[in-house]
Amino acid sequence: MKELTASELARRVLHLVVSLFILLTVTFVIGRVLPADPVGAIVGELADPAAYEAMRARLGLDLPIYRQFVIYLQGLFRGDFGQAILTGNSVASDMLQAFPATFELATLAIIISAVVGVPLGLAAALFRDSFVDKFARVVALVGHSIPVFWFGIVGLVIFYAALDWVGGPGRIDVFYEGMVEPVTGMLLVDSLLAGETEIFWNALSHIILPAAILAYMAMAYITRMTRSFTLEQLSQDYVIAARAKGAGPARTVTHHVLPNIAVQLITVLAISYGNLLEGAVVTEIVFSWPGIGQYMTNALMIGDMNAVLAATIIVGFVFMLLNFIADIAYAILDPRTREAAR
Amino acid sequence: MKHFSKGLIAGAAAIVLSFSATGVNAATPDDQLVIGTSLAQVLSLDPQQATEAKAVEIMSNLYDRLVKTENRKIAPQLAESWEIDDKGITFHLREATFASGNPVTADDVVYSLGRLLKLDQASAANFKRIGYKADNVDRLVRAVDPRTVRIDLSGETTAELLLYRLAMCVASVVDSVEVKKHVQDNDYGNAWLRTNSAGSGPFTLKRWTPNEMVIIEANDAYAGGAPHMRRVIVRHVPESQVARLMLERNDIDVASALSAADLKTFEGQQGFEVQRVPTGGFYVLSMNAGNEYLANPKVREAIAYSIDYKGIEQTIMGPYGRVRNVPVPEDYEYAIPNPDWHFDATKAKALLAEAGYPNGFSLTLKTIAQTPRIDLATAIQGSLGQVGIKVDIQQGNGSDIIADHRARNFDLLIPQTGAYMPNVLGSMEQFSSNPDNSKEANNAGNFVWRSAWDIPELTALTAKASLEPDAKKRGEIYVEMQEKFVEQKPAVLPLFERFEPIVVNARVKDYVGHPNQLTRLEGVTKASD
Numbered sequence: 001m002k003e004l005t006a007s008e009l010a011r012r013v014l015h016l017v018v019s020l021f022i023l024l025t026v027t028f029v030i031g032r033v034l035p036a037d038p039v040g041a042i043v044g045e046l047a048d049p050a051a052y053e054a055m056r057a058r059l060g061l062d063l064p065i066y067r068q069f070v071i072y073l074q075g076l077f078r079g080d081f082g083q084a085i086l087t088g089n090s091v092a093s094d095m096l097q098a099f100p101a102t103f104e105l106a107t108l109a110i111i112i113s114a115v116v117g118v119p120l121g122l123a124a125a126l127f128r129d130s131f132v133d134k135f136a137r138v139v140a141l142v143g144h145s146i147p148v149f150w151f152g153i154v155g156l157v158i159f160y161a162a163l164d165w166v167g168g169p170g171r172i173d174v175f176y177e178g179m180v181e182p183v184t185g186m187l188l189v190d191s192l193l194a195g196e197t198e199i200f201w202n203a204l205s206h207i208i209l210p211a212a213i214l215a216y217m218a219m220a221y222i223t224r225m226t227r228s229f230t231l232e233q234l235s236q237d238y239v240i241a242a243r244a245k246g247a248g249p250a251r252t253v254t255h256h257v258l259p260n261i262a263v264q265l266i267t268v269l270a271i272s273y274g275n276l277l278e279g280a281v282v283t284e285i286v287f288s289w290p291g292i293g294q295y296m297t298n299a300l301m302i303g304d305m306n307a308v309l310a311a312t313i314i315v316g317f318v319f320m321l322l323n324f325i326a327d328i329a330y331a332i333l334d335p336r337t338r339e340a341a342r
Numbered sequence: 001m002k003h004f005s006k007g008l009i010a011g012a013a014a015i016v017l018s019f020s021a022t023g024v025n026a027a028t029p030d031d032q033l034v035i036g037t038s039l040a041q042v043l044s045l046d047p048q049q050a051t052e053a054k055a056v057e058i059m060s061n062l063y064d065r066l067v068k069t070e071n072r073k074i075a076p077q078l079a080e081s082w083e084i085d086d087k088g089i090t091f092h093l094r095e096a097t098f099a100s101g102n103p104v105t106a107d108d109v110v111y112s113l114g115r116l117l118k119l120d121q122a123s124a125a126n127f128k129r130i131g132y133k134a135d136n137v138d139r140l141v142r143a144v145d146p147r148t149v150r151i152d153l154s155g156e157t158t159a160e161l162l163l164y165r166l167a168m169c170v171a172s173v174v175d176s177v178e179v180k181k182h183v184q185d186n187d188y189g190n191a192w193l194r195t196n197s198a199g200s201g202p203f204t205l206k207r208w209t210p211n212e213m214v215i216i217e218a219n220d221a222y223a224g225g226a227p228h229m230r231r232v233i234v235r236h237v238p239e240s241q242v243a244r245l246m247l248e249r250n251d252i253d254v255a256s257a258l259s260a261a262d263l264k265t266f267e268g269q270q271g272f273e274v275q276r277v278p279t280g281g282f283y284v285l286s287m288n289a290g291n292e293y294l295a296n297p298k299v300r301e302a303i304a305y306s307i308d309y310k311g312i313e314q315t316i317m318g319p320y321g322r323v324r325n326v327p328v329p330e331d332y333e334y335a336i337p338n339p340d341w342h343f344d345a346t347k348a349k350a351l352l353a354e355a356g357y358p359n360g361f362s363l364t365l366k367t368i369a370q371t372p373r374i375d376l377a378t379a380i381q382g383s384l385g386q387v388g389i390k391v392d393i394q395q396g397n398g399s400d401i402i403a404d405h406r407a408r409n410f411d412l413l414i415p416q417t418g419a420y421m422p423n424v425l426g427s428m429e430q431f432s433s434n435p436d437n438s439k440e441a442n443n444a445g446n447f448v449w450r451s452a453w454d455i456p457e458l459t460a461l462t463a464k465a466s467l468e469p470d471a472k473k474r475g476e477i478y479v480e481m482q483e484k485f486v487e488q489k490p491a492v493l494p495l496f497e498r499f500e501p502i503v504v505n506a507r508v509k510d511y512v513g514h515p516n517q518l519t520r521l522e523g524v525t526k527a528s529d
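Shown next as structure tokens:
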């Protein structure tokens, strides 16, 4: 692992920009060759060809594709993502609506999955082939193999319709709608900022089920990886030595294993978090969650490329940013680089 | 929240408190109506632009038109009375104000109709078809005085047909003073009106968050008196099973866009009412007459005999449709009885042999991947297979299938239609008029042109009916049109009359689905739990 110097940082930032540009180009080309017809979506099925052509020209779709791309890039440099066909708003303002909803959901989900998944993986490795290990394996298998759509519906049937423990689909009960001034766009945070605890609890009751379901999916992966990382460390000489010196399982884990698998764990968590932030389309649809996954899907359906591109950029950027942060975390947490820095 | 009145917050807080105090199942408040549906296709709430069903349902509560249709008849809305003469119609407006406080005047009516034709999108198609264009609308539609509007006949229509068009959502009257403030780049305020409202209807648009919800609020200045519902919330619930759970839990009051299986659970269930709202439209099998096989009327007749209409009605269509092979609902005045088309493999094979294809052939069938059309496609594939026509189904999303339809790029395709007025012409015109079938005409907005079906005789008859002022004579032409249509073995074959099934919580009173999605909500009330 390389040490984090200024030139290394600059190299990484450049890397980020180039990756984003490639991502943009590919998305743009794919979007333009798709058979979706944004003009038809706007003018309607019965429009005559003249009206159709007029709208095509207004959207700039009559220009050659490379010209469209250049115009798009020029807009980007001015911070203008263009207008979404789907909503008529500027794409930037749509993103400010959709992204916080996804961000809130993904963040809660990754917290739950890390808090439950990592200890479960550690326990499974420490007590290999015990009941805990088998239990962890079943949990992971189920999480991996059952479709999220089914999970979502069944979760709603049980916890919302039958038991009435959680709020239903949507981010909040309808009569609370619009009562909290959006600051961050995340209802849990905004309601607390406004001192509206009642709204906070309501929003929490709505988010907890989709977040738990997403967390379960992510947890399956996190538990499995934690278990195998830990097993690998447990067979190392230093652990055997520690054990021989009389360290109990708890001390072995906290003082010896955890610091050594921290770096790998961070990678796993960052990947899981990135996947969640892409917007879990199916979960968002089942739970009528107005996040970026649903926004992107609907935009793609009608060929609304401005919206799709902006969403791709944001998701791509977040993904790369997470990678970037994980890399920095390596440098700080990895005992070898830490030593080298000293 | 800045835009919220304190009263409303207090009211909402009171509702919340009452719920937490009693701890009952959270139900929707008594003065708010919550509708669950799919808002994925709602792209605009500008009445002179949007024609999508869900958008129309919302806009018909934000705006008034001069007249409306009620039980298939024309009834007053903004116009309290009108006189018809040979040359046109003179409307007398009732006293009304827009939500902005501006009075509704003749100028607003003139501006709105001009706006429709000058924006010139699909929404203008029905007016253009009867001779109203961007370049003559200023001459034909005039303000006589602030409360009187004169609309001259274009020469291509009768007064009756014009009135029905004026009852459509696209003829909504917008607040011209308000809209003109928001014009940019000569767009007639379109960019602004897409996401705002400027009408005189019972509600005003409060908020529209795409893929989430539309909130409309009572307009206290509404001429008919403030509606009972303070707010109507239209929620985006794309999953049918989820909508069903929310209905059962009283989190939504009305659900449309439910799947057949979910609808079934509400039939006969206490506390819910299932409405089959007629649309006057059809599920259609479009055949491309430009295809070498389908150009032959014998082949088209063979196909008409290869579909198990009754069976499909029972197993697939259920609440969505009723067998009908003439593009006029059976209960319309002058509708003819259904022709004797039914599943008859022997007869269909004989017809194919006569046409010179005893061994059958292969076709593609394109459809939108949506209930019930996707199941319909599978059923058609099965029964056509039995007579030797091998069908390959290609499914897609709305926009690519429609683009293929417009470009004549298909063999078979399953579109759906709706009636814009509740009479023979309103439901049938799009099946019987194709003024120029040449490819160069590129008349992609025309339903028959897309099937490349050349029908000069029917087209002439349709034009004649549109101009016949005498009701009895017009009725005779209506009958002749339908008979000719059946005789010619249509390339646009109606399969089922189309219904929009909706489920309404029994607490909700006077929610009556309108055949053209113009369901008004001002009279809706809710019983307390």
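As they're listed, the protein sequences go chains A and B.
According to the UniProt record's numbering, the first sequence is numbered sequentially starting from 1.
According to the UniProt record's numbering, the second sequence is numbered sequentially starting from 1.
Glycine included, C-beta positions come from ideal geometry on N, C-alpha and C.
Quantities reported herein were computed from a predicted structural model and do not represent experimental measurements.
Taking only beta-carbon positions, decide if Arg165/B is within less than 8 Å of chain A. no
Do Glu232/A and the ligand SAH come close, with the Cβ less than 7 Å from some heavy atom? Absence of the ligand SAH is noted for the structure shown, with no ligands found whatsoever.
According to the neighbour-count rule (16 or more other Cβ atoms, all chains shown, within 10 Å of its Cβ), is Arg67/A buried or exposed? exposed
Compute the Euclidean distance between the alpha carbons of Arg185/A and Ala302/B, then round it to the nearest angstrom. Reading the sequence as shown, one finds Gly at residue 185/A and not Arg. Using only the alpha carbons, I get a separation of about 59 Å.
Any residues in the stretch 92-123 of chain A with a beta carbon nearer than 9 Å to a beta carbon of chain B? Which ones, in chain order? Asp94, Gln97, Ala98, Ala101
For Phe203/B and Gly152/A, what's the separation of their Cα atoms in angstroms? 35 Å
Mind checking if Pro64/A is an interface residue toward chain B, Cβ cutoff 8 Å exclusive? Chain B contact via Cβ: absent.
What is the rounded straight-line gap between the Cα of Ala355/B and the Cα of Asp344/B? 17 Å
Selection of the stretch 287-305 of chain A by Cβ proximity to chain B, strictly under 8 Å: Phe287, Ser288, Pro290, Gln294, Tyr295, Asn298, Met301, Ile302, Gly303
The beta strand (DSSP E) with Phe98/B in it runs from where to where? Premise fails: Phe98/B is in no beta strand (DSSP E) and is neither H nor E.
Grab me the residues of Gln241/B's own chain with a C-beta within less than 7 Å of its C-beta, minus the 5 sequence neighbours each way, in chain order. Asp262
Is it buried or exposed for Trp165/A, if we count other Cβ within 10 angstroms and need 16 for buried? exposed
What span of residues does the beta strand (DSSP E) with Gln488/B cover, start to end? Note, Gln488/B: premise wrong, no beta strand (DSSP E); not H, not E.
Would you call the stretch 118-133 of chain A and the stretch 275-283 of chain A in contact, with 3 or more CB pairs under 8 Å? no
Go through its chain and collect everything with a Cβ distance to Asn291/B's Cβ below 8 Å, but skip five positions before and after it. Contacts found: Leu363, Asp411.
Less than 8 Å between the CB atoms is what I'm expecting for Tyr238/A and His255/A, so what's the real figure, rounded? That belief does not hold up - the Cβ atoms of Tyr238/A and His255/A are roughly 11 Å apart, past 8 Å.
Have a look at Arg520/B and Leu495/B and give me their C-alpha separation to the nearest angstrom. 30 Å
Counted within 10 angstroms of its Cβ, other Cβ atoms place Lys87/B as buried (16 or more) or exposed: exposed
CB of Phe64/B within 8 Å of CB of Ser172/B, strictly: Checking the sequence, you will find Asp at residue 64/B rather than Phe. In contact: Asp64/B and Ser172/B (Cβ atoms closer than 8 Å).
List, in order along the chain, the chain A residues whose C-beta lies closer than 9 Å to that of Ala171/B? Residues of chain A passing the Cβ test: none, with the nearest at roughly 16 Å.
Report the partner residues of Met287/B according to the DSSP bridge assignment. Leu412/B
Using a Cβ-Cβ cut-off of less than 7 Å, list which residues of the stretch 253-287 of chain A approach chain B; keep chain order. Residues Ile285, Val286.
Under 8 Å between C-beta atoms, does Thr51/B make it to chain A? yes
Start-end ranges of the beta strand (DSSP E) lying completely within the stretch 107-159 of chain B, minimum 3 residues: 141-145, 148-152
Interface positions of the stretch 241-260 of chain B facing chain A (Cβ-Cβ less than 7 Å), listed along the chain: Gln241, Val242, Leu245, Met246, Glu248, Arg249, Asp251
Within 10 Å of its beta-carbon, does His144/A have 16 or more other beta-carbons around it, so buried, or fewer, so exposed? Burial call: exposed.
Kindly identify the DSSP beta-bridge partner or partners of Lys509/B. Thr525/B
For Ser81/B, which beta-bridge partners are listed by DSSP? His92/B
What residues of chain B sit near Val308/A, judged by a beta carbon separation below 7 Å? Those do not exist, as Val308/A stays about 14 Å from chain B at its closest Cβ, beyond 7 Å.
According to a CB-to-CB cut-off of less than 8 Å, which residues of the stretch 51-76 of chain A neighbour chain B? Ala51, Tyr52, Ala54, Met55
Could you round the C-beta distance between Met246/B and Gly36/B to whole angstroms and report it? I think they count as a contact, below 8 Å. 6 Å
Would the stretch 40-47 of chain B count as touching the stretch 258-277 of chain B if we require 3 or more Cβ pairs under 8 Å? no
Using C-beta distances below 6 Å, list every residue in its chain close to Ala311/A, excluding the 5 sequence neighbours before and after it, in chain order. These residues qualify, in order along the chain: Ile292, Met296.
Which first and last residues belong to the alpha helix (DSSP H) in which Ala124/A is found? That run of the alpha helix (DSSP H) goes 91-126.
Euclidean distance between Cα positions of Ala244/A and Leu108/A: 40 Å
For Thr197/A, which of helix, strand or coil comes out of DSSP? helix
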